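Here the sequence shown stands for residues 60 to 982, where the numbers follow my numbering.
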Amino acid sequence: MNWVPILVAAFWLGLVESESNYNYHRLPTALRPQKYDLHILTILDYPEDLRFSGTSRIAIEVLQNTNNITLHSKNLHINESRIALKQISSEGNTDICVSSTEVNSLHDFYILNTCKELLTGHVYELTLPFSAELNRQLEGYYRSSYVDPVTNETRWISITQFAPASARSAFPCFDEPAYKAPFLVTLGYHQSYTGLSNMPVKETRAHESLSDFMWTEFQESVPMSTYLVAYSVNDFSSKPSTLPSGPQFRTWARRNAIDQCDYAAEFGPKVLQFYDEFFDIKFPLPKIDQFAAPDLSYNAMENWGLVTYREPRLLFSAGHSSLADQQELTYVVAHELAHQWFGNLVTMKWWTDLWLNEGFATYVGSLGVDNIHTDWHSKDRRSLSSLRTSFRLDALVSSHPISRPIEMVSQITESFDEISYEKGSSVLRMMHLFLGEEAFRSGLKSYLQAYAYKNAEQDNLWESLTKAAHKTGSLPKDYAIKTIMDSWTLQAGYPVVNVTRDYEGRSATLSQERYIRNTDINRSAYGCWWVPVSYTTQVEKDFNNTAPKAWMECSQTGESVPTTIDLLPGPEEWVILNIQLSTPYKANYDARNWQLLIDTLNSDQFQSIHVINRAQFVEDVLYFAWTGEQDYGTALQVTNYLQRERDIIPWKSALDNLKLLNRILRQTPNFGLFKRYMKQLLTPIYEHLNGTNDTFSSMQQNEVLLKTLVVNVACQYHVSDCVPQAQSYFRRWRSEPDPDESNPVPPNLRSTVYCTAIREGTEEDWDFLWTRFRRSNVGSERQTILSTLGCSKEVWILQRYLERAFDPKGDIRRQDSLLSFQAVVSREQGFPVAKSYLMEHVDFMVEYYYPQTRSMARLLPPLCEQIYTANDLNEFRAFVNKSQQSLKGVEQAIQQSLEAMVTNVQWMDRNYPQIFDSLQRNL
Numbered sequence: 060m061n062w063v064p065i066l067v068a069a070f071w072l073g074l075v076e077s078e079s080n081y082n083y084h085r086l087p088t089a090l091r092p093q094k095y096d097l098h099i100l101t102i103l104d105y106p107e108d109l110r111f112s113g114t115s116r117i118a119i120e121v122l123q124n125t126n127n128i129t130l131h132s133k134n135l136h137i138n139e140s141r142i143a144l145k146q147i148s149s150e151g152n153t154d155i156c157v158s159s160t161e162v163n164s165l166h167d168f169y170i171l172n173t174c175k176e177l178l179t180g181h182v183y184e185l186t187l188p189f190s191a192e193l194n195r196q197l198e199g200y201y202r203s204s205y206v207d208p209v210t211n212e213t214r215w216i217s218i219t220q221f222a223p224a225s226a227r228s229a230f231p232c233f234d235e236p237a238y239k240a241p242f243l244v245t246l247g248y249h250q251s252y253t254g255l256s257n258m259p260v261k262e263t264r265a266h267e268s269l270s271d272f273m274w275t276e277f278q279e280s281v282p283m284s285t286y287l288v289a290y291s292v293n294d295f296s297s298k299p300s301t302l303p304s305g306p307q308f309r310t311w312a313r314r315n316a317i318d319q320c321d322y323a324a325e326f327g328p329k330v331l332q333f334y335d336e337f338f339d340i341k342f343p344l345p346k347i348d349q350f351a352a353p354d355l356s357y358n359a360m361e362n363w364g365l366v367t368y369r370e371p372r373l374l375f376s377a378g379h380s381s382l383a384d385q386q387e388l389t390y391v392v393a394h395e396l397a398h399q400w401f402g403n404l405v406t407m408k409w410w411t412d413l414w415l416n417e418g419f420a421t422y423v424g425s426l427g428v429d430n431i432h433t434d435w436h437s438k439d440r441r442s443l444s445s446l447r448t449s450f451r452l453d454a455l456v457s458s459h460p461i462s463r464p465i466e467m468v469s470q471i472t473e474s475f476d477e478i479s480y481e482k483g484s485s486v487l488r489m490m491h492l493f494l495g496e497e498a499f500r501s502g503l504k505s506y507l508q509a510y511a512y513k514n515a516e517q518d519n520l521w522e523s524l525t526k527a528a529h530k531t532g533s534l535p536k537d538y539a540i541k542t543i544m545d546s547w548t549l550q551a552g553y554p555v556v557n558v559t560r561d562y563e564g565r566s567a568t569l570s571q572e573r574y575i576r577n578t579d580i581n582r583s584a585y586g587c588w589w590v591p592v593s594y595t596t597q598v599e600k601d602f603n604n605t606a607p608k609a610w611m612e613c614s615q616t617g618e619s620v621p622t623t624i625d626l627l628p629g630p631e632e633w634v635i636l637n638i639q640l641s642t643p644y645k646a647n648y649d650a651r652n653w654q655l656l657i658d659t660l661n662s663d664q665f666q667s668i669h670v671i672n673r674a675q676f677v678e679d680v681l682y683f684a685w686t687g688e689q690d691y692g693t694a695l696q697v698t699n700y701l702q703r704e705r706d707i708i709p710w711k712s713a714l715d716n717l718k719l720l721n722r723i724l725r726q727t728p729n730f731g732l733f734k735r736y737m738k739q740l741l742t743p744i745y746e747h748l749n750g751t752n753d754t755f756s757s758m759q760q761n762e763v764l765l766k767t768l769v770v771n772v773a774c775q776y777h778v779s780d781c782v783p784q785a786q787s788y789f790r791r792w793r794s795e796p797d798p799d800e801s802n803p804v805p806p807n808l809r810s811t812v813y814c815t816a817i818r819e820g821t822e823e824d825w826d827f828l829w830t831r832f833r834r835s836n837v838g839s840e841r842q843t844i845l846s847t848l849g850c851s852k853e854v855w856i857l858q859r860y861l862e863r864a865f866d867p868k869g870d871i872r873r874q875d876s877l878l879s880f881q882a883v884v885s886r887e888q889g890f891p892v893a894k895s896y897l898m899e900h901v902d903f904m905v906e907y908y909y910p911q912t913r914s915m916a917r918l919l920p921p922l923c924e925q926i927y928t929a930n931d932l933n934e935f936r937a938f939v940n941k942s943q944q945s946l947k948g949v950e951q952a953i954q955q956s957l958e959a960m961v962t963n964v965q966w967m968d969r970n971y972p973q974i975f976d977s978l979q980r981n982l
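If you want it as structure tokens, here you go:
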């Protein structure tokens, strides 16, 4: 190959590269990129050596006099003999000498020392020629592949994943979010492929020296951060969408999967249009592409104008995908398109405020889905899911604030967790509800307008929202959003509000403390939150007004100010705080108020309490029973009411929490009592939903999801005819002449049927399902199968499955090996198998996932939930100590896992003797 990059060549003799002494984790502030001109040539013809080469030409403005240019480069070979640097001026261009170069491998810095000082106010053009392997690590500029079903040949494509800090692996750049600049991207590739980037194509032309190769130049982009740059060379097909007076909208996939793009191609433009109206700011680019990548390290990535997705998160097949699959796809698309405003148009200054991107996209995404699919009634369900997820992690002392200091690239990756996404979403929902629609949307609009194409931090958002709130009167003039919200974003955890009623005086005293699952920790030493207090009474039953009737405030020294609410009812009526769980806290009442609530829940009047608050009681009382604030006698009196419940929201709260008890108790001799109790709870709802019969077509969306959930758990506990019916479905499938084309199992029951059949079945059943996985062309179906192959009771089958999951040349893609491991480790027979596999193969697994350390972190939660003895805890501690070198980058996950195990051991010591007495009394 002979390719001459387009640049002005400059030659320096004796250029020396050395290790740099500059060791701060952030770039120096003396320079700012004004514009990038990227040329990337990608060769996909030689699978044994897939490479790319190019030039990064950067116009750089000097803000302070400096003798060097420091930027990022990682795993790139830079041809230093052809580096060019020149000063740009109206009098002409002047070449500048580069005397030497340095690297800082810890922070990925590439430093060019100049022969003379670069002067403030001047603009310089730096041209860096580079080349590298098209890597296999699913980050930077990397390779992906699929098998052509007609020719049975492997087809290679290239794709980028630059977030959070991997643009530096694709081209030399200032790889921090605050260094926004326009990008002019030109891709070179064989003419049999298609090139895509953030912007539409400007022109194409033949390559000057490579036969059958071409250059595609894209329009210059708006200013954007390096992590949002994207490009791909591929042979995919596209499906255009109709978007009146909007940008060009296309959805891309493998040619043999393009028929699965219909739903995403229809939904995407609708939610984009919703955001146009919600933010009152038009989508600023002339086009947007959705791209289904065979390999992607995240579920999706919001690259501006070229959004990438894992296939199951963009492709939908009505004959194979369940309603839950469809809804998850919908949420992911809505989340990524919300980013086009929150994250792309306005970007956080530094990764400290990652939550401004992810929390907003999570919350606003749920609003977009609810607006378009009103029949799903999904907003409340999604909000509760975010709360449940963040409550679990944030109850650990080892949790972290929403907004947290970032001093290493590995810490950026660790921040992509439930706190940034789910807790971030929950505190935004809280703010939306206490501010009201007008102030919330007005504040967001002014924030987006003020910082469009710029960078911001959370204080900028607080300022915009405070102005809007004061203007509309939704917040007292002496209150500021910053004061309130900093208490939620700058400290970890959340409060439990203890409610002590004075029944004679008709008042209640409210106190707060941090809820911590580790009962050895002194809670009073942790924090104070500004809490908007909404409440209603048994007579009022006003569950629509989420506006605060009072505030729990914090003093200037961070201590909680005592709060009293008055004009409450007498001793025969309950009081309920936190209407529709509008604020992320738990409410614990005195014994009498709990009994009043229990009496209503276990009566025909239970629906007089809002469904979200019914779910709240189940969630809260099981937490309080876990840590000893309530006993399991009280908790089971609350959960008993579920025999009447017909809504998915309380059931989901209950089953998520009871699953944690299951994972401990199933390893003990008295598990039979717990199984009997679960059967007692589940039988009425199972029968009400007509068991495993395919009645989905006559059901509303929430009923479909409820039945999917209930049947799945019912088969685990052998409720009624659940297991034999599931086995019957599977036998019918196995008897089909062409099981890959004809599957009689209803899509919404496939996860349950497959798992039950594998758990109760034979090696031949397992091999049959494995063959269906290998032959399936539908991403969601493949994921369902991977999640159920781990249900086997046979240890040798599970061991074989794990070996296949982590075979670099096997049928399971690297990104999906997590599903396989989680499927094994979360089952009773699979737990010891997966635990041993992790401990024995940790070095190999770390290397397998490198540099995706977040994948290793995600292996741990289902493991730690099942360790409940001091011996097992000590064994895991010893493993961690022995493997410290291997487990670098997952320290946060390790710490959280160990703390969760400690709380399990505490639970056994405190609760195991009494829970079975409580179960016996409730049977």
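Note that beta-carbon positions come from the ideal geometry of N, C-alpha and C, so glycine has one too. Model, not experiment: these values are computed from the prediction.
Residue i - DSSP class collapsed to helix/strand/coil
i: residue 371; result: helix
i: residue 644; result: coil
i: residue 633; result: coil
i: residue 178; result: coil
i: residue 258; result: coil
i: residue 90; result: strand
i: residue 441; result: helix
i: residue 217; result: strand
i: residue 60; result: The predicted position of residue 60 is uncertain, since its pLDDT is 38 and thus under 50; a value taken from the coordinates is nonetheless stated next. If DSSP states are grouped into helix, strand and coil, residue 60 belongs with coil.
i: residue 156; result: coil
i: residue 751; result: coil
i: residue 449; result: helix
i: residue 346; result: strand
i: residue 602; result: coil
i: residue 360; result: strand
i: residue 926; result: coil
i: residue 281; result: coil
Those residues which DSSP pairs with residue i across a bridge
i: residue 297; result: 311
i: residue 394; result: The partner list for residue 394 (beta bridge, DSSP) is empty, contrary to what the question assumes.
i: residue 610; result: 591
i: residue 303; result: Paired residue(s): none; residue 303 is not in a bridge.
i: residue 171; result: 128 and 160
i: residue 265; result: 273
i: residue 100; result: 112 and 247
i: residue 201; result: 194 and 218
i: residue 847; result: Paired residue(s): none; residue 847 is not in a bridge.
Where the beta strand (DSSP E) containing residue i begins and where it ends
i: residue 247; result: 242–249
i: residue 594; result: 594–596
i: residue 146; result: 143–147
i: residue 747; result: Taken as a continuous stretch (DSSP letters only), residue 747 belongs to no beta strand (DSSP E), being part of the alpha helix (DSSP H) at 730–747.
Run of the alpha helix (DSSP H) containing residue i, from where it starts to where it stops
i: residue 900; result: 889–908
i: residue 491; result: 483–494
i: residue 274; result: No alpha helix (DSSP H) holds residue 274; the beta strand (DSSP E) holding it covers 272–277.
i: residue 723; result: 707–724
Nearest-angstrom beta carbon gap, residue j and residue i [assumed within contact, 8 Å]
i: residue 494; j: residue 533; result: 5 Å
i: residue 359; j: residue 395; result: 5 Å
i: residue 243; j: residue 97; result: 7 Å
i: residue 104; j: residue 249; result: 7 Å
Distance cut-off 7 Å: residue i Cβ against heavy atoms of the ligand SAM
i: residue 528; result: As far as ligands go, the structure on display features none, and thus does not contain the ligand SAM.
>> Ignoring anything shorter than 4 residues, give me the alpha helix (DSSP H) runs that lie fully in the stretch 510–579, in order along the chain.
In response: 517–531 and 540–548
> Which full runs of the beta strand (DSSP E) of 3+ residues lie inside the stretch 764–828, going along the chain?
Replying inline: none
>> Please give the ranges of any beta strand (DSSP E) in the stretch 378–433, keeping only runs that are unbroken, at least 3 residues long and fully inside the region.
In response: 405–407
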